[in-house]
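> Below are the structure tokens for one structure; questions will follow.
In the numbering used here, the protein residues as written are 10 to 159.
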């Protein structure tokens, strides 16, 4: 009986550890600071609270283990609410709200994923909902291409 309880507990811990794995989302300014210490591309998920496709990305694509591993390995991941005028941060000597930063990045549809290279120049956008495979394909193309703000 004791062995069964021990096996069940071990399995439970394994599932619990696996279920806790997620993308390490950061605030914009924290990703910029981390980039200064260890340069990497930033992946900025620009969303709104009312966007159904944004919620679907969160529920499905961003829960996919392959997406989680790839994003955490290759990028500093940022969540940016395109309608938040309250939270502000400094970037390149100016103060921005999240909404102002989304506008500066020319985001007009949601969800939208802005890739910023390690020199902090916008590179490209991946607009719209994407299944895990499509999302990885789009990100992989950018990483393979080796964009460096050119």
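Heads up, the beta-carbon is just placed ideally off N, CA and C, and yes, glycines get one too.
In this structure, does DSSP put residue 127 in helix, strand or coil?
Coil, per DSSP.
> Please list, in chain order, all residues of the same chain as residue 106 whose beta carbon is under 6 angstroms from its beta carbon, the five residues on each side excluded.
Once the five neighbours on either side are set aside, the close Cβ partners of residue 106 are 94 and 97.
> From what residue to what residue does the beta strand (DSSP E) around residue 98 run?
From DSSP, the beta strand (DSSP E) with residue 98 extends over 97 to 100.
> Helix, strand or coil for residue 132? Go by DSSP, reduced to three states.
Strand at residue 132.
> With DSSP collapsed to three states, give me the class of residue 37.
The answer is helix: DSSP assigns residue 37 an H, G or I state.
> As a quick exercise: from 39, 43, 122 and 41, pick the residue whose alpha carbon is nearest that of residue 57.
Comparing Cα-Cα distances from residue 57 to each of 39, 43, 122 and 41, the minimum goes to 122.
> At what residues does the beta strand (DSSP E) containing residue 9 begin and finish?
This structure does not reach residue 9, given that the chain is present from 10 up to 159, and the question cannot be answered.
> Does DSSP put residue 116 in a helix, in a strand, or in coil?
Here residue 116 sits in coil by DSSP.
> Assign residue 151 to buried or exposed, taking buried as 16 or more other Cβ atoms, counted over all protein chains shown, within 10 Å of its Cβ.
Residue 151 comes out buried.
> Considering only C-alpha positions, which residue in the set 154, 40, 141 and 147 is nearest to residue 72?
Of the candidates 154, 40, 141 and 147, the one whose C-alpha sits nearest the C-alpha of residue 72 is 141.
> When you compare only the Cα positions, how much space is there between residue 128 and residue 143?
Between residue 128 and residue 143, the C-alpha separation is close to 26 angstroms.
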